Amino acid sequence: MSAGVLTSGQLSLRPGYPSEWTLSRWRKENIGPAYMRIGGRVFYAISDVEAWERSHRGGGGEMPFHQKKRRKPKVLTGTADDMAQAAA
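One gets my numbering by counting positions in the sequence shown from 1 and adding 364 to each.
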């Protein structure tokens, strides 16, 4: 392939990029640099990668990520008197 394109494996080796698996998930979620599919293989044009990097500069996180969902804290019901009676 031409020197102007990267495979998913090559892109994942660039500093700040996630694994190939995560790049695959990004493609499904329309996140990340533009890509092209040729003969079932995925390629990224270096110019598209660099343009995507420029558009995502700034403060905060370098790459998009999904935060884990946190469980809601349990809400205790009743009054202090009810708890004291239950403990007795």
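All C-beta atoms in this analysis are idealised placements derived from N, C-alpha and C, irrespective of residue type, glycine included. What you are looking at is a predicted structure, and each value in this text was computed from that prediction instead of being measured.
Hey, out of the options, whose CA is closest to residue i's CA?
| i | options | result |
| --- | --- | --- |
| S419 | G396, T386, L375 | G396 |
| G368 | I410, V406, W385 | I410 |
| R405 | R421, A415, W416, R391 | R391 |
| E380 | G403, A398, E414 | What sits at residue 380 in the sequence shown is Gly, not Glu. When each option's Cα is compared against that of G380, the closest is E414. |
| L370 | E393, R389, A398, R421 | A398 |
| R378 | E417, N394, I402, E393 | E417 |
Run the CB neighbour count on residue i, radius 10 Å, all protein chains shown included, and call it buried at 16 or more, exposed below.
| i | result |
| --- | --- |
| S372 | buried |
Which first and last residues belong to the alpha helix (DSSP H) in which residue i is found?
| i | result |
| --- | --- |
| I410 | 410-419 |
| R391 | 384-392 |
Can you list, in chain order, the residues of its chain whose CB lies under 7 Å from that of residue i, leaving out five sequence neighbours each side?
| i | result |
| --- | --- |
| S376 | P382, S383, E384, L387 |
| D412 | P397, A398 |
Could you spell out the range, first to last residue, of the beta strand (DSSP E) harbouring residue i?
| i | result |
| --- | --- |
| R401 | 400-402 |
| L377 | Taken as a continuous stretch (DSSP letters only), L377 belongs to no beta strand (DSSP E), as it is neither H nor E. |
Leaving out five residues before and five after residue i in sequence, what residues of the same chain have Cβ atoms less than 6 Å from its Cβ?
| i | result |
| --- | --- |
| M400 | F407 |
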